[in-house]
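K.L.:
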Amino acid sequence: MKNTLSIKLNRDFRRLYYKGGCVGSDILVVYYKKTSLPYSRLGITVGKKIGGAVVRNRVKRLIRESYRLIESEISFKYDIVVVARSKCAEADYKAVSGSLKRLLKKSGILN
RNA sequence: UGAGCAAGCUGAACGGUCGCGGGGGCGCUAUGCGUCAAUGAGGAAAGUCCGAGCUCCACAGGACAGGGUGCCGGGUAACUCCCGGUGAAGGCGACUUUAAGGAAAGUGCAACAGAAAUAAACCGCCAACUAAGGUUGGUAAGGGUGGAAAGGCGGUGUAAGAGACCACCGCUCGGAAGGAGACUUCCGAGGCUCUGUAAACCCCACCCGGUGCAACAUCGAAAGGAUUCCGCAAGGAGGGUUUGUCCGACCUAUAUCCGAAAGAUGGCUGGAGCCGUGCAGAAAUGUACGGCGUAGAUAGAUGACCGUUUUAAAUGACAGAACUCGGCUUACAGGCUUGCUCAAAAA
RNA sequence: GGAGAAAUACUCAAGUAGGCCGAAGAGGCGCCCCUGCUAAGGGCGUAGGUCGGGUAACCGGCGCGAGAGUUCGAAUCUCUCUUUCUCCG
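Using my numbering, the letters of the first sequence correspond one by one to residues 271 to 381.
#1: Could you tell me whether the stretch 346 to 363 touches the stretch 315 to 327, where touching means 3 or more Cβ pairs closer than 8 angstroms?
#2: Which runs of the alpha helix (DSSP H) at least 4 residues long sit entirely within the stretch 283 to 342? Give them in chain order.
#3: Would you give the residue range spanned by the alpha helix (DSSP H) that Ala361 belongs to?
#4: Using the C-alpha atoms, what's the distance from Ile314 back to Leu332?
#5: Output the boundary residues of the beta strand (DSSP E) element that contains Ile350.
#6: Near Leu374, which residues of its chain fall below 6 angstroms by C-beta distance, leaving aside the five closest residues on each side in sequence?
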């Protein structure tokens, strides 16, 4: 599967918040759960508190790019939701990418 | 040189590697996959404050209610917009601002203060009477209150005063000239009778039907619901649809209609379009010719890394299309151009 | 994306045909009664934010989301902006 599939339904997000594992840093929070589907899925949540449409779009793109580059290293199939915290508005690509990689290692998704 | 005013433009460019959206070409085992070269957020995309297109409701009709606009002329599809002018206010000036009709059509309101607020005598001034205290009358020049005090200022006049009278200014009316008009200028007359507020009700003139692409149409369509009464019929009652209300209009018996959540397709981008040149016009703008093809997503596509150039700075201000246009308003790092004003200095 | 509503003290709020309005009322707060003590209950009462002045009592200015405007005067009328909430498939 070439393209990254995204989580779209509200009930999928709710299930992850309720049942999934959770790790966090000062700019990101990651919820994750193993899935029976034959592929991994990514959901991104950027709340309105973080900024206007321009800032939110930028944060989403940074997270998506970071995930794209490390997606192939994930061995099992997971549902992953990345939530941006308010400090993320000022973060650059390196901070987001490093933070995401550390969190995925911490949760055991990434070796 | 300094300070400032006005108008307008701009809001980095190019290349490489990986990646994304929709469309196109080509290939293949063809509702898919691969590949190729293009293309892919703004001046405000924002706020949703106006005006339209377009959609459905009747082809958008009538009355009332409600709302909007408000000096004049022009522009525009239209406008609460734009351009030019008039008046008023502010600034030494360039220039800026201006919801700018009517207060002798009517109603309301004007707290407190003050003697008195649309109507006048508290103090004062003057006269008469009185032994005096004071009483009666005249008077709006002076005092004080107030946002506003009975046209202003100077003189004549008078017991003291007063448009009572006079000059100038203001106001109203009439006439003449100029102008397309708002209005301006001049002349004459009149009486100072007439406070403010219409972003209070209101009057006058003009305009506005509702609904907003989450509209709407088509496909699909479960549970369930509707299709009433009188009459042979015409029609009537009742019910339903449309608007804030009423009228009016339309629908109302055998197979059609309605129908939650969730979904697919269309609507969805070629349009009052953009660029250049000429012509008309004082300008907004109009018009002729030539050229261009310039996002269309549906949880929502532009990112990461590197290099080069321009630059004071490129790690970049405000900021992300959601049916589409025309405006307005608000936010904004800076940079550039043009015209003009004041001050100082020099000539 | 579109349509609409609201903002007043620490909280909930009344006040909107402009003027004795800076704030009614309630919660809250303080004091008293009741009790051995507390809670509950009852009674009474004040100030309210901020800036300045004053030893203090108190006095003055600005404050009804923010900024302009109309008016002699604005919580109230008009415009612009901010924030919050609701509805529309």
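In this text, a Cβ means the ideal position worked out from N, Cα and C, and glycines have one as well.
P.N.:
Quick answer:
#1: The way I'd put it, the stretch 346 to 363 does touch the stretch 315 to 327; three or more beta-carbon pairs between them come closer than 8 angstroms.
#2: 323 to 340, all fully within the stretch 283 to 342.
#3: To locate residue 361, count along the first sequence from 1; it is residue 91. Counting along the chain, Ala361 sits inside no alpha helix (DSSP H), nor does DSSP assign it H or E at all.
#4: Along the first sequence, read from residue 1 onward, the residue named residue 332 stands at position 62. Along the first sequence, read from residue 1 onward, the residue named residue 314 stands at position 44. Spanning the alpha carbons of Leu332 and Ile314 requires a straight line of approximately 11 angstroms.
#5: The count along the first sequence starts at 1 and reaches residue 350 at position 80. For Ile350, the enclosing beta strand (DSSP E) begins and ends at Tyr348 to Ala354.
#6: Residue mapping note: residue 374 aligns to position 104 of the first sequence, counting from 1. Leu380, listed in sequence order.
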